[in-house]
Amino acid sequence: MFALRYSAVIILIVAAALGFFIWHTTGAGGRFDFKLGLDLSGGTELAYSADTSKVPASQIQDSLASLQTVIERRINAFGVSEPQVQTAQGGALGTGQYRLIIDLPGVTNVDQAIAMIGQTPLLEFKLVKPGFESSTTLPDGSPNPLAFTDTGLTGEYLSSAALQFGNGSSALATAPLVQINFNSQGAALFSQITGNNVGHELAIFLDGQVISAPVIQQKIDGGTAVISGNFTAESAKSLADNLNLGALPVPITLVSTQTIGPTLGEQATHAGVVAGIIGFIALSIFLILWYRLPGVVAVVSLIIYSILMLTIFKLIPVVLTAAGLAGFILSVGLAVDANILIAERMKEELAAGKKADAAIREGFARAWLAIRDSNIAHLIASVILFWLGTSIIKGFALVFGLGVLVSMFSAITISRTFLLALGVNAEGPVGRFLMRSGLNK
Amino acid sequence: MKHEKRLLLVPAVISLLAVIMLLLWGLKPGIDLTGGSLLQVSYQTTGVPSIAQVQSAVAPAAASLKLGEVRVQPTGTNGYTLTERALTNDEKNSLEQTLGTLGPIHEDEFTSVSPTIGQELLNKGLIALGLVAVCIILFIAFAFRKVSKPVASWKYGIVAIITLVHDILIPTGLFALLGHVAGAEVDSLFIVALLTLLGVSINNTIVVFDRIRENLGAVGRKETFDETVGRSIMQTLARSINTSLTVVIVLAALYFVGPASTQDFALTLIVGMIAGTYSSIFLASPLLVAWEKWQRRNS
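Chains F and G, in that order, are what the protein sequence lines are.
Numbering that gives the first Met the number 0 applies: residue 0 is where the first sequence begins, and numbers increase by one.
Numbering that gives the first Met the number 0 applies: residue 0 is where the second sequence begins, and numbers increase by one.
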């Protein structure tokens with residue numbers, strides 16, 4: 000008995016401390032503040048599909064990682080707070096096209112966001128096939144797809160770019176140029192390509208268009224190349240600047256945009272919180288009126304359950320969305336179910352003539368099987384949803400799955416400890432009243 | 000459990016109605032499942048144009064941009080939601096410019112989804128739905144593996160599937176009806192709701208089956224299978240009703256005061272919860288009894 004009361008007090012103290020932690024860190028904007036999804040905080044989500052069809056399978060992950068870095072760098076340069084760039088694979092089982100999902104909290108001007116990303120140049124180097132030198136473009140001006148072979152050398156391998164002027168004497172020779180420096184990997188690749196293809200043309204593609212196709216005179220070591228084209232000093236400067244912020248390794252196209260205004264997000268958050276509180280109060284009243292003492296214990300353990308969940312949200316941290324909040328509210332329902340199962344079972348044991356202590360232990364033991372089996376079924380569902388789902392479903396599945404795990408612990412351990420620690424004597428009139436339920440006196 | 004056939008009539012009729020509504024009207028998929036765009040704007044509270052004004056202002060712009068059908072719906076007290084095919088950013092801007100001629104506007108929400116993404120989301124959702132169902136059935140067959148008399152454990156699994164189909168059919172049928180009368184759409188949150196209901200349905204069925212499992216295992220009682228099932232239902236009745244009552248209380252709060260974006264979600268769950276509770280009493284167990292009787296008659 001002493002040990003039980005001791006653990007009950009410890010549980011209460013820990014819960015109070017965590018409650019204080021939640022209260023203290025909420026709204027402070029620090030590391031432990033709640034992370035709200037775009038639908039609750041306002042902002043823009045852009046989804047791009049990345050065309051990796053021309054990248055060898057072994058290099059897809061590398062080029063996606065570099066794509067992610069480039070976009071992140073570019074967004075950071077524009078001063079968006081806490082942008083999130085993720086790559087995901089589309090298709091029904093995650094085997095389709097690669098996607099780049101960009102979350103921009105606080106950015107509600109899509110023009111600005113799209114422009115910010117849209118200026119990222121796509122730089123590629125391709126060899127002109129022998130015999131195609133005079134037919135590299137189609138009648139409409141676009142590059143002839145048959146004329147080029149990919150070299151694998153792209154903007155991914157760029158380390159820096161700078162504006163230069165030609166050092167020749169004629170007007171053409173002093174035209175503005177963009178000098179690019181490859182990183183060590185790129186330099187090795189460039190030297191290999193130029194070494195193997197002396198006398199061939201190497202075309203430089205910018206955003207899918209050929210801007211120049213110089214003939215390779217000799218093997219070039221040192222990792223420096225020059226892009227010449229019809230540049231003015233300004234256009235060469237802006238290309239160099241854009242290349243410095245990063246060049247894309249693969250082409251991307253915008254496939255979906257979503258913008259939520261900050262007021263709408265705020266309203267949704269407010270309404271969600273109010274709904275949660277009202278729902279909680281209503282179910283507490285019901286539980287206490289119907290189940291009396293076990294009802295009070297259930298409500299206390301539900302409060303502790305909520306505190307644990309909110310703490311987990313802050314520590315992981317879980318990005319909360321409207322779907323996530325719905326998952327949380329539903330998981331509270333599940334935790335209630337466990338408590339009700341236990342309370343009903345205890346009542347039966349008491350009715351069968353057991354003493355309070357034995358009835359509580361037996362009630363928990365017998366309810367456990369049903370709670371375990373149904374929770375496993377829920378866990379199976381949340382794992383599959385998390386694995387297969389798109390972002391909105393993932394948010395729901397994560398919160399719901401965590402909720403199932405935590406509620407198994409809180410309903411069984413916490414409620415049981417409290418009920419046993421109270422040490423009610425069900426033989427007396429007061430004790431009998433407290434342990435009964437519904438309309439019974 | 001004398002009247003299991005009569006009990007089964009109720010869920011059978013309701014399911015049939017749901018199927019008829021589904022076949023008759025079908026579901027209206029939202030833009031996130033088919034591709035398309037949604038633009039929600041609000042006007043200043045002092046100068047809100049009428050829906051007819053908005054429609055006639057949008058019509059020429061829609062024609063010149065080849066937008067096809069543009070649906071205009073009032074949203075809140077001073078806003079409108081426009082639904083149309085997927086828009087590029089320039090197309091959206093010119094649409095907003097048109098709306099701006101009726102008074103200063105504020106863009107509250109804009110979503111544009113390309114058809115491929117929408118299709119993908121739908122396929123993913125359906126695959127997840129199927130996979131969850133299969134895995135849970137396998138789990139039930141496993142959890143009840145020790146119960147093989149008088150009804151084999153895989154039959155509990157089959158009965159659980161039938162109950163589950165019923166529980167999913169009812170909210171789906173409701174949305175076919177709501178889609179027909181009120182233009183309600185099903186979106187990815189609806190799929191989430193169905194997936195949740197899968198869990199809830201299984202949960203309710205498991206609680207009753209668990210009791211049957213326990214009562215069958217208890218020695219010293221002489222009763223027939225249908226008596227055991229009847230007793231198990233009575234023993235779990237209070238729990239079934241009280242649990243769904245509490246969950247419905249919480250969901251009702253979500254429906255009435257929660258965010259607009261999860262209102263349909265809450266409604267789907269409320270209907271599904273109620274269906275799931277009554278089906279665990281009036282469908283799953285009577286079906287088990289009917290199967291056992293049929294089995295005895297044919298052996």
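By construction, the Cβ of each residue, glycine as well, lies at the ideal position given by its N, Cα and C atoms.
Here the structure is a predicted model, which means the values were calculated and not measured.
Can you find the residues in the same chain that come closer than 7 Å, C-beta to C-beta, to residue i, ignoring five residues on each side of it along the sequence?
i	result
V228/G	M0, I211, S284, L287 and V288
N180/F	S158, S159, G222 and T223
T97/G	A56, V57 and A60
T252/F	Y47 and S48
L309/F	I21
T33/G	P114 and G117
L378/F	G400 and V403
Cα-Cα, which of the options is closest to residue i?
i	options	result
A46/F	T195/G, S111/G, I273/G and K292/G	S111/G
S48/F	A14/F, P250/F and L35/F	P250/F
W43/F	I116/F, G271/F, A64/F and A366/F	Before going further, note that residue 43/F is Thr rather than Trp in the sequence given. Checking every option, the nearest Cα to that of T43/F belongs to I116/F.
E83/G	Q72/G, S243/G and V207/G	Q72/G
L188/G	F395/F, S141/F, G26/F and V69/F	F395/F
S243/G	V8/F, G271/F, N338/F and P129/F	N338/F
R73/F	P129/F, P120/F, P142/F and Q191/F	P120/F
P428/F	I10/F, S227/F, A355/F and P248/F	A355/F
P48/G	P28/G, A274/G, A11/G and I104/G	I104/G
G323/F	A267/F, L368/F and V335/F	A267/F
N122/G	G278/F, A410/F and G388/F	G388/F
I10/F	H199/F, T320/F, S40/F and L301/F	L301/F
D263/G	H377/F, A321/F and D372/F	A321/F
E213/G	R230/G, L15/G and I201/G	R230/G
P129/F	S57/F, D61/F and V214/F	V214/F
G75/G	A259/G, Y277/G, A51/G and N297/G	A259/G
T162/G	A132/G, G29/G and L215/G	A132/G
D186/G	Y79/G, I126/G and L120/G	L120/G
I392/F	L3/F, S190/F, E123/F and L319/F	L319/F
L340/F	T261/G, N241/G and Y254/G	N241/G
Kindly list, in the order they appear in chain C, the residues whose Cβ is closer than 9 Å to that of residue i.
i	result
F285/F	Although the question refers to chain C, the structure presented lacks it and instead comprises the protein chains F and G.
Could you name the residues that DSSP lists as bridge partners for residue i?
i	result
L282/F	DSSP, once it has assigned bridges, lists no residue as partnering L282/F.
H105/G	S41/G
N180/F	S159/F and T223/F
V9/G	BP columns for V9/G are empty, so no partner.
V185/G	P28/G
R431/F	According to DSSP, R431/F bridges with nothing at all.
P248/F	None, per the DSSP bridge assignment.
V214/F	E200/F
K148/G	In DSSP, K148/G forms no bridge with anything.
G42/F	P104/F and I259/F
V209/F	F204/F
R98/F	S48/F and A87/F
F138/G	Answer is none; F138/G lacks a bridge partner.
G35/G	V112/G
With a CB to CB cut of under 6 Å and the five nearest residues on each side skipped, what residues in its chain are close to residue i?
i	result
I375/F	none
G156/G	I136, I139 and A140
L250/G	A265, L268 and I269
N77/G	S41, Y42, T44 and V47
L64/G	E90
V18/G	none
Within the same chain, show all residues whose beta-carbon is closer than 8 Å to that of residue i, passing over the 5 residues directly before and after it, in chain order.
i	result
I311/F	V317, L401 and V405
V206/G	T235, R238, S239 and S279
W293/G	none
P82/F	E71, I74, N75, I101, D102, L103 and P104
A174/F	F164, G165, S227 and F230
V209/F	T135, T136, P142, A202 and I203
G257/G	A265
Quick one: which unbroken alpha helix (DSSP H) runs of 4-plus residues sit fully inside the region 243-288 of chain G? Chain order, please. 262-278
If we require 4 or more residues per run, which alpha helix (DSSP H) segments fall completely within the region 78-127 of chain G? 88-99
Determine contact between the region 266-275 of chain G and the region 191-203 of chain G, defined as no fewer than three beta-carbon pairs at a distance below 8 Å. yes
Touching or not, the region 170-190 of chain G and the region 22-30 of chain G, by the rule of three or more beta carbon pairs under 8 Å? yes
Taking one C-beta from the region 97-107 of chain F and one from the region 138-147 of chain F each time, how about it: are there three or more such pairs within less than 8 Å? Contact fails: fewer than three Cβ-Cβ distances are below 8 Å.
Does the region 225-240 of chain F come within contact of the region 6-23 of chain F, defined as at least 3 CB pairs closer than 8 Å? no
Unbroken stretches of the alpha helix (DSSP H), 4 residues or longer, contained in the region 321-394 of chain F: As for any alpha helix (DSSP H) of minimum length 4 sitting wholly inside the region 321-394 of chain F, the runs are 321-350 and 355-387, ordered along the chain.
Unbroken stretches of the beta strand (DSSP E), 3 residues or longer, contained in the region 104-157 of chain F: The region 104-157 of chain F contains these whole beta strand (DSSP E) runs: 122-127 and 147-153.
Can you list the alpha helix (DSSP H) stretches of 4 or more residues lying completely in the region 151-212 of chain G, in chain order? 152-181
Given 8 Å as the limit, is there contact between the region 24-39 of chain F and the region 256-266 of chain F, that is, 3 or more CB pairs closer than that? yes
At a cut of 8 Å, does the region 9-17 of chain G reach the region 324-332 of chain F through at least three beta carbon pairs? no
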